[in-house]
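See below:
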């Protein structure tokens, strides 16, 4: 059972201790084809500590957002555990955002996105990219992302999207 909506929402860096809750949320939000092993999330936490977050209220994780530095226009391969990050990083890759179905409409996603965009800006990463799956492109357009290519490895309707140059510096919700 999730906390009452009036509970204070806290966004903090994700830890290995959050992985069971993250795994549950991913299973509630995504079709099985998009489920990633917990080890994949753990590897991202080890490779890029501090670039992924959870939102919680009353000690319960309500949503998560995994991001990491990357390079180039091609997204990381889906479902593969990253062994290392590229040496020359110019891109903030927004990997996976999910909010527990019972916590939607409570401002969880915007708070997680703001934390991520702020992190990328602080590190001076030149580009911000993501792959929108399962019809999520309209959501990301509201944040200033524009489709730049299809991403068929991520699904028939998947689109590689990039934050437009005029919105690159924006770190607040639309």
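In full-length UniProt numbering, the protein residues as written are 1 to 174. Don't be surprised by glycine CBs; every beta carbon is placed ideally from N, CA and C. In this text, all values refer to a predicted model and were calculated from it rather than measured experimentally.
Opening and closing residue of the alpha helix (DSSP H) in which residue 46 lies
It spans 38-47 - the alpha helix (DSSP H) in which residue 46 sits, taken as one unbroken run.
Euclidean distance between Cα positions of residue 47 and residue 88:
Rounded to whole angstroms, residue 47 to residue 88 spans 14 Å at the Cα level.
Within 8 Å, do at least three Cβ pairs link the stretch 127-139 to the stretch 147-160?
yes
Should residue 98 be labelled buried (16 or more other beta-carbon atoms within 10 Å of its own) or exposed?
buried
Which residues mark the beginning and the end of the alpha helix (DSSP H) in which residue 23 is found?
19-29
What's the gap between the Cα of residue 51 and the Cα of residue 127?
15 Å
If you draw a straight line from the C-alpha of residue 112 to the C-alpha of residue 72, how long is it?
Between the alpha carbons of residue 112 and residue 72 lies a gap of roughly 24 Å.
Give me the residue from 100, 84, 129 and 153 with the minimum Cα distance to residue 40.
With distances taken between Cα atoms, residue 40 lies closest to 84.
Could you compute how far the alpha carbon of residue 21 sits from the alpha carbon of residue 61?
6 Å
Between residue 137 and the rest of its own chain, which residues show a CB-CB distance below 6 Å, the 5 nearest in sequence each way excluded?
159
7 Å Cβ shell around residue 35 - same chain, five flanking residues per side excluded:
26 and 27
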